[in-house]
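J.:
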Amino acid sequence: MEEAGERGKGEVEILRRTTQSLTLRARTDRKGWLVISQAHDPSGWRAFVDGREVPLHRADVMLSALSLEAGEHVILLRYLPWTFLWGLALSAGVAGMLVWWIRPGSSS
Numbered sequence: 002m003e004e005a006g007e008r009g010k011g012e013v014e015i016l017r018r019t020t021q022s023l024t025l026r027a028r029t030d031r032k033g034w035l036v037i038s039q040a041h042d043p044s045g046w047r048a049f050v051d052g053r054e055v056p057l058h059r060a061d062v063m064l065s066a067l068s069l070e071a072g073e074h075v076i077l078l079r080y081l082p083w084t085f086l087w088g089l090a091l092s093a094g095v096a097g098m099l100v101w102w103i104r105p106g107s108s109s
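According to my numbering, the sequence shown is numbered sequentially starting from 2.
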């Protein structure tokens, strides 16, 4: 991350907050960084600016930040850790094997 230069003006509005997502509207008069007060977890958090996925960067040791161009943007932060997806896939596989094993007409 580069050093901060001259500060611009901006504002951020929370549009929606759930346990696994955060939607923001940001307005800024110049390109800069939006620092988000949440623990940086690159394996779980994904960021989208105006519908496009963008990288999240570590800021101030443990926070997250993303780069914004000047203007108004809608930012979606979504938490979906790979461990959850792995567990979901494993559970679906086991459920499928159980259905196949106990299906009518199967030979024992």
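Note that the Cβ used here is the ideal one computed from N, Cα and C, for glycine as well.
Looking only at its chain, what residues have a beta carbon closer than 7 Å to the beta carbon of Pro-43, apart from the 5 residues adjacent to it on each side?
T.: Leu-57
J.: Quick one: what's got a C-beta closer than 6 Å to Val-13's C-beta in the same chain, skipping five residues either side?
T.: Leu-25, Ala-27
J.: Label Thr-19 either buried or exposed according to how many other C-beta atoms from any shown protein chain fall within 10 Å of its C-beta, with 16 as the threshold for buried.
T.: Classification for Thr-19: exposed.
J.: Residues in the same chain with beta-carbon distance under 6 Å from Glu-70, minus the five sequence neighbours each way, listed in chain order, please.
T.: Beyond the five residues adjoining it in sequence on each side, Glu-70 comes within less than 6 Å, by CB distance, of Lys-32 in the same chain, given in chain order.
J.: Name the DSSP bridge partner or partners of Thr-24?
T.: Arg-17, Leu-77
J.: Using alpha carbons as the reference points, say which of Leu-99, Val-95, Leu-23, Leu-77 lies closest to Phe-49.
T.: Leu-77
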